[in-house]
Structures are given as C-alpha cells and as structure tokens.
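Working notes, beginning with the structure itself.
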Amino acid sequence: MGKGIFGRLRRGLKKTRERIASSLARVFTGRGRIDEEMLEELEATFLQADMGVKVTARLIDCVREFHKSEKGLGREGLIERLEGEVASVLGSNSASLNVSCSPPTVILVVGVNGTGKTTTIAKLAKMLQDEGKKVLLAACDTFRAAAIDQLSILAEQAGVSIVRHKHGADAAAVAYDAVEAALARGMDYLIVDTAGRLHTKVNLMEEVKKVQRVIAKKIPGAPHEVLLVLDATTGQNALQQAKMFHEALGLTGIVMAKLDGTAKGGILLAIKQELDIPIKFVGVGEGLDDLEPFVPSDFAGALFES
Amino acid sequence: MFESLSGRLQSVFRKIAGYGRLSESNIAEAVREVRLALLEADVNYKVVKDFIEKVKEQAIGQETLRGVLPGQQLIKIVHEELVNLMGVSARELDLSSSPAVIMLVGLQGSGKTTTAAKLARRIKKKGRQPLLVPCDTKRAAALEQLVSLGRQLGEAVYEPGSDRDAVSIAARSVVFAEDHSLDTVILDTAGRLHIDEELMEELRAMKSRLSPREILLVADAMTGQDAVNIASAFDKALDITGAILTKLDGDTRGGAALSIKAVTGKPIKLVGIGEKIDDLELFHPDRMASRILGMGDVVTLVEKAQEAIDQEEAERLEQKMRKHGLDLEDYLNQLHSLRKMGSLESVLNMMPGLNQLKGVSLGEKELKRVEAMIQSMTPGERRNPHLLDGSRRKRVARGSGTSVQEINRLLKGFEQARKMMKRMGKFQKGMMKMGGSAWQS
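Going down the list, the protein sequences come from chains A and B.
Everything in the first sequence is counted per this note's numbering, starting at 72 for the first residue and increasing by one.
Everything in the second sequence is counted per this note's numbering, starting at 1081 for the first residue and increasing by one.
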C-alpha cells in the first residue's frame, strides 16, 4: 500500500483510533473487575465502524480475556493482541490480481446500483495501463441511461479502448464481442463493466451469470477475476450482497469504493470472516489514481496504533 | 423489505410467547435481542440506545393485559416506538409556489438521477408540469443520463448548453420554466461527500439563490452507521426539508430510515422501491413499522391492487388474505392479477408471512411453470390439493410438461405458505383484540 492510501486511511480512521485508544487505556486503571462502561464504549466504537455484531463480540471477548490473564503485558500488549485478532480475520497477505498465463486476463466487475463500478473500472484500467499493459473495456451496462457514454468518456481519460453496443443491447452479446476483440487485438486485460443490480433480483442475477458463461465459453477458465464492488457507506447489507453474488458467480475478490468519506468500512471484517473472499482494492478518492491495493496489516494498524 | 429484522424480532417474540407475564428478566432477554436486531439492521448505535431505553421504560412494570400474550404486548410497545421514531404520518411534498423548486442532494451513487426522473413522473401524475434540470457538471455523462431518461419518459429536460456552473444552470432553468409555464423545477445535483466543503458551499449558494420549497436528501436504504453523519452534515449545511430513501426493494433491513429521522428530525417523505420508473411511493412510518415487525403490509398491497385491478377484485383479494383460506385456484387467479402489480418479489414482500418463504423461488420462468402445473389440474384438485395422489401427480406432470418432483415442490411450498398465512392470521387477530389502532392503519 502506497503512502497515499496509508495516510488517507489513517486520517479516515483517526477518530475511531482515538476513541479505541482512550477506552483501552481504562483497561489498566481499574483494579480487579473489568470496567463495563469502558467495554460498552469500545463496543459502540466497533459497531459504529460497521463491524457488525459478531465481529464486535469477538473483539470484546478478546479484551475480556486479556484483562483476565495477560493484563501484565500492559497497553501495548493489548493493542498488539487486538491488532493480531483483526489481522487473523483479514489474513496477513495482501491479495493481488489473478493473472492468466495466456492473455487476455478477463476481469468481470459486478455490484449493486451506485456502488462505484464504472469509476473503479476506469481506475483499474488506468493502473494496468500505467504498468504498460494493453487494456480493453467492455461496456456491458446496457441498462442504465448513459452508462455507456460514461464508460467511454472514462476510457478516453484513462487512454484505453472500449467495446460498446447500443443502449438496451444484450449484455452477453457485448461480452462476446469484447472477448473476440480482446483475443484478436492481443490484449493483456479485458475489464467487463456490468449494470448495477440488486442481489435479490433473480432475473438480473441470471443475466449476469449468462455474461459469465459466455466469457467462459470463449476462453476456458475466464473470467479470471470476478470482483464485487462494495460501497463503504453500506452497512450490514454488504455482507448479504457478498453472499448472494458469491453464490451466483464465485467471487474472487472485493473492491471497497468510497473509503474517503467518514465511513469506516468495518464490514470488510465480517465479510472476510464469514465468506473468506479476499479484499483486493480500496477506492479512496475521485481521481483516476485513487485506487490502491488493500493491505490487511495497514488496515489493522490504522484502527489501533496511536 | 426488512425481512431479516422481521425474522429476528419474530423469533424473539416467539421466545417470550410462552411466559405468563412480563417479568424483568424475560423482558431483559427480549430487549437484548431487539437491541441486537436493530444494530444488525444498521440502526445507529446511539439511536438504538435511546430506543431501547424508551421501550424498557414502557414495558417494565406494565401490567399484563388480560387475554393478551406478553410477547404481543411487547410487540405493541416496540411497534409504537418505531412509529414514533420514524414520524407519525405520511407527508406529501410542499409544492405551493410556482415554479416550485425541488433540490435533490446526496452522496455519489445514492440514486439522485433515477429519483429525479421518478419524481418528475410522480408529480406529473398529480397534474403538474415538471422540468428536470441536470446540475451535475462533474460526473462523466451525468447530463446525458438525465436527458435520455427524460426522453424515455417524455418529460421536459433543461439543456444547459456549455454552462459548467451548477448554480447558474439552476438559476437559468427557473427562468426557463417560468417562460414555458412549467410549474415544478427538479434540480439533480452532483453527488458529493458530506465532508467536501467546496461542494457543500456550492449547494448553499444554490439554496440562497433559488429558495427551494423542498431540499431532499436522497439516501441509499442500505447505508450503515454512517447514515447519521451524512444526514446531519447535509442538514446542518442546508436545513433539508426531508429525505428520500432509495433501493428499498432489496433485502436491506433499512435501519438508515430510523437513523436519519432520529438525527435530523426531518421526515422521510418518499421511498424508491424498484427499477421501474413508477416505483416511487409515499413513506408510511406505521406501515414500515408493521413491516419491520413482520406483519406484512397488506395496506400497500391493496393500494397497489387498486391501481392494477378494479375495486371489487381488490377487496376480494384482501379478504382472501385476511381469511387465509387460500386454494390453488386463488393462487392461480392471483398469479395473473399480481403480475400486473409489479414484480412478484415486491408483492410477496408485502404479504404477511410470505416474506419468510425463502424456499420458494420467485423467478419469472418458474412462475410460468407453476401456471402450467396448476392449469393441468382439475378444478376439484385445485380446490383440494390433497386429492393429488401419485397417479394424479403423474398425470399433471405429463400434462404440464414438468416432472412429479416439481409438482411435489409446488405443493409443499403452497402448503407452507398456507400454514404461514394461517399463523399470521391468528397473530393479527390477537393484535386486533388489543385495539391498537396502529395495526389497522
């Protein structure tokens, strides 16, 4: 994770970190019994970061246990312990993109409406382009008005090419053409944009499955990445989204967009804990360069270190 | 809508249904469960805390009413508090000037542009002449999106030309509206973070220049704990007049609705409930509370039915629902009429108890097969599915081009639905006995 994201993430989580630190300090002031009021404050902080009831309970248990048996290790020890707990949920390694040994690598990008798929795709394209790769975009959001125009403008800004049909066209047909084009032009990456859809709409989920099937038929093993874009301001429903998209498509990674606001994205912990889908990128701004790989230890550090 | 919270609360209430009276300890457990359920529903932590205090205050020490299960009594308290929290009655928009200016504000991706189009449609139905104004000069193709939506709907859309200044576009659009005798101006502003001072300043300037009748915060119903920060920041900057909650047709538990109201004191006025352009409805706190409690939303269902079917049919439908004496023939008739009312999911979500039927798949294709299966049965079999023994099932499967397994699944699902509705029927009657007017809204 570059300095940029680490700095921004730390800034974003500053208030949370301070509140955690001040609560944790009180673990060591009382004698004998644990300070229940302190635990409640800590619980509030975790819950308000959207970590959810389960993960919060796990972390609170962790503090209780520490108080019982390892109090002697002091404040540093407790912070280390909690950081470790978060890290063990998130896993220690950052996950990189799956790359196919025979190009093109196909990346299918999905998510509910308004999470930031199209913007994320532009950022991803720019990132790969900057690495000197040849990138092609497929405008498979044929449903939302002007979605194709939006992707075209962003593609131009990122300096990559695009395959597009008319508004209202069959998404799978666009995907088919895009795969052919990617093969013919010897592209390194094909990134497929899809329409936003609520995970509860059976017919729309079938539609995106069809897009996936069409791609797989043309290139066995593709798409090599199925990325779900989540909005950081989304609460516990993000877990439900991840579950349903995972069931339908077999997700290979999560991108959390819009982490530059006041939302903390704590739901990532719950998603990792329950579904074990790697978190690959975070979006931290509106510029095309504002996409960064997700590094678990940095996230944990930004929460607890002072 | 809100299934998960309803499910959760229902299991809580089932747990206490067995007790004879409200004691401090059994309340404590239920209250704890309510608290967890609300937190999992993304209601803000502080809002939950206040809510729980109020419920506890009311419940503990209350005498058990005769003939009412303690669980039901607690539901009533929780329900009333939910209604109180979300505001008491549905509010229409204030459009009392001409042209009346409506400003839509919110974060990126909350659904402002789609909502603007839906709003224009809704306002037109009420006999007004709306003008859609794209003030989002930032996002790529935002302008094109609104123009193309407007064209689809046949609504007037203001074309700002080469003007890139949102405030001046808005100001000129109002003059345009006056010149063309359009009486409602809907400003679709750019999505922005509530902590982006520069962009918030732009909204303030727009407000002071145009004095809009309504400034509505468009918020995603799936928003988490951050809903309070977002709502209070927009409210502080603009003194919003209300909120529109979008994407409520998913399975979000929608705690954001409670949080926004609690933290700003401003009402939720409308809710977006679907992909279709007509899917914008008034927000009814009492119905929403019933929904949260898993009581279904028969009132909205009937209203929808009235739009789609004639009055008589609607009444028959509601009576059927209330009596829960559903047979396969009704099921088939309803399939036909229900489909006129919108997507099957949205309709099923409103039916008491049916929103819990996870096992029954709701795809449109399945629906056609179900139709074929029922049509291959004799009228007698439809009225009394128990008649369907093995050989009859084989016949029906052949007749409808399906398999016996599918018939079995249909019958099992149907039986489950019937049981569920019966149970909900008893449950609702119990509530009626308590005389809570909120239940009959």
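Ideal Cβ placement from N, Cα and C applies to all residues, glycine included.
The model shown is predicted, which means the values in this text are computed figures rather than measured ones.
Cross-strand partners of residue i (DSSP beta bridge)
i: Ile1182 of chain B; result: B:Ile1266 and B:Glu1294
i: Leu1350 of chain B; result: B:Ile1324 and B:Leu1362
i: Gly358 of chain A; result: The partner list for Gly358 of chain A (beta bridge, DSSP) is empty, contrary to what the question assumes.
i: Phe352 of chain A; result: A:Val326 and A:Pro364
i: Asp1300 of chain B; result: B:Thr1326
i: Thr333 of chain A; result: Partner(s): none; Thr333 of chain A has no beta bridge.
i: Thr305 of chain A; result: B:Thr1303
Whole-Å CB distance - residue i paired with residue j, under 8 Å assumed
i: Met1166 of chain B; j: Ile1310 of chain B; result: Incorrect: roughly 18 Å between the Cβ atoms, too far for contact.
i: Leu208 of chain A; j: Ile233 of chain A; result: 4 Å
i: Ile105 of chain A; j: Arg135 of chain A; result: 6 Å
i: Gly1186 of chain B; j: Gly1271 of chain B; result: 6 Å
i: Cys211 of chain A; j: Thr176 of chain A; result: Contact doesn't hold; Cβ gap of about 17 Å is too wide.
i: Leu1325 of chain B; j: Ala1299 of chain B; result: 6 Å
i: Leu340 of chain A; j: Val170 of chain A; result: About 27 Å separates the two Cβ atoms, so there is no contact after all.
i: Val124 of chain A; j: Leu1118 of chain B; result: Their Cβ separation, rounded to whole angstroms, is 10 Å, which puts Val124 of chain A and Leu1118 of chain B out of contact at 8 Å.
i: Leu1283 of chain B; j: Thr1269 of chain B; result: 6 Å
i: Met1302 of chain B; j: Gly306 of chain A; result: 6 Å
i: Val1237 of chain B; j: Leu1290 of chain B; result: Rounded, the Cβ-Cβ distance is 18 Å, inconsistent with contact.
Residue i at chain A interface by Cβ criterion, 9 Å
i: Asp1522 of chain B; result: No answer is possible for residue 1522 of chain B: the residues shown for chain B start at 1081 and end at 1521.
i: Arg1219 of chain B; result: yes
i: Asp1407 of chain B; result: no
i: Arg1112 of chain B; result: no
i: Arg1478 of chain B; result: no
i: Val1255 of chain B; result: no
i: Asn1124 of chain B; result: yes
i: Phe1309 of chain B; result: Position check: residue 1309 of chain B holds Asn in this sequence, whereas Phe was assumed. So yes, Asn1309 of chain B belongs to the interface.
i: Phe1082 of chain B; result: Because the pLDDT of Phe1082 of chain B is 39, which lies under 50, any placement of that residue in the model is unreliable, and the number read from its coordinates should be weighed accordingly. Phe1082 of chain B does not count as touching chain A.
i: Met1453 of chain B; result: no
i: Lys1356 of chain B; result: no
i: Ser1242 of chain B; result: no
i: Asp1300 of chain B; result: yes
i: Lys1136 of chain B; result: no
i: Lys1316 of chain B; result: no
i: Ile1275 of chain B; result: yes
i: Asp1329 of chain B; result: yes
Residue i at chain B interface by Cβ criterion, 9 Å
i: Asp106 of chain A; result: no
i: Asp360 of chain A; result: no
i: Val124 of chain A; result: yes
i: Arg90 of chain A; result: no
i: Lys85 of chain A; result: no
i: Thr265 of chain A; result: no
i: Ile350 of chain A; result: no
i: Ser223 of chain A; result: yes
i: Glu249 of chain A; result: Going by the sequence as given, residue 249 of chain A is Ala instead of Glu. No, its Cβ sits nowhere closer than 9 Å to a Cβ of chain B.
i: Asn308 of chain A; result: yes
i: Thr186 of chain A; result: yes
i: Ala196 of chain A; result: no
i: Ile233 of chain A; result: no
Alpha helix (DSSP H) segment containing residue i, residue limits
i: Leu149 of chain A; result: Gly145 to Leu161
i: Cys313 of chain A; result: Going by the sequence as given, residue 313 of chain A is Ala instead of Cys. It spans Asn308 to Leu320 - the alpha helix (DSSP H) in which Ala313 of chain A sits, taken as one unbroken run.
i: Ile131 of chain A; result: Gly123 to Ser140
i: Thr1344 of chain B; result: Gly1335 to Thr1344
i: Ile192 of chain A; result: Lys188 to Asp201
i: Ile1203 of chain B; result: Lys1192 to Lys1205
i: Gln119 of chain A; result: Glu107 to Gln119
i: Glu345 of chain A; result: Ile338 to Leu346
i: Ala255 of chain A; result: Ala242 to Ala255
i: Val1308 of chain B; result: Ala1307 to Leu1318
i: Glu89 of chain A; result: Lys85 to Ala96
First and last residue of the uninterrupted beta strand (DSSP E) at residue i
i: Pro1459 of chain B; result: No beta strand (DSSP E) holds Pro1459 of chain B; the alpha helix (DSSP H) holding it covers Pro1459 to Arg1463.
i: Val285 of chain A; result: Looking at the DSSP string, Val285 of chain A is not in any beta strand (DSSP E); the run it does join, the alpha helix (DSSP H), is Val273 to Lys289.
i: Ile325 of chain A; result: Gly324 to Ala328
i: Asp264 of chain A; result: Tyr260 to Thr265
i: Leu298 of chain A; result: Glu296 to Asp302
i: Ile178 of chain A; result: Thr176 to Val181
Proximity test, Cβ basis, 9 Å: residue i and chain D
i: Lys329 of chain A; result: The structure shown contains no chain D; its protein chains are A and B.
Distance cut-off 8 Å: residue i Cβ against heavy atoms of the ligand PLP
i: Ala1121 of chain B; result: With respect to the ligand PLP, the structure shown offers nothing to examine, as it has no ligands at all.
Complete alpha helix (DSSP H) runs within the segment 1211–1277 of chain B (minimum length 4 residues, chain order):
1222–1233 and 1246–1259
Counting only runs that start and end within the segment 1113–1165 of chain B, where is the alpha helix (DSSP H) found for 4 or more residues in a row?
Listed in chain order, they are 1125–1139.
What ranges does the beta strand (DSSP E) occupy inside the segment 205–236 of chain A, keeping only unbroken runs of at least 3 residues that lie completely in it?
206–211 and 232–234
To test your reading of the DSSP string, which unbroken beta strand (DSSP E) runs of 3 or more residues are found completely within the segment 1464–1503 of chain B?
none
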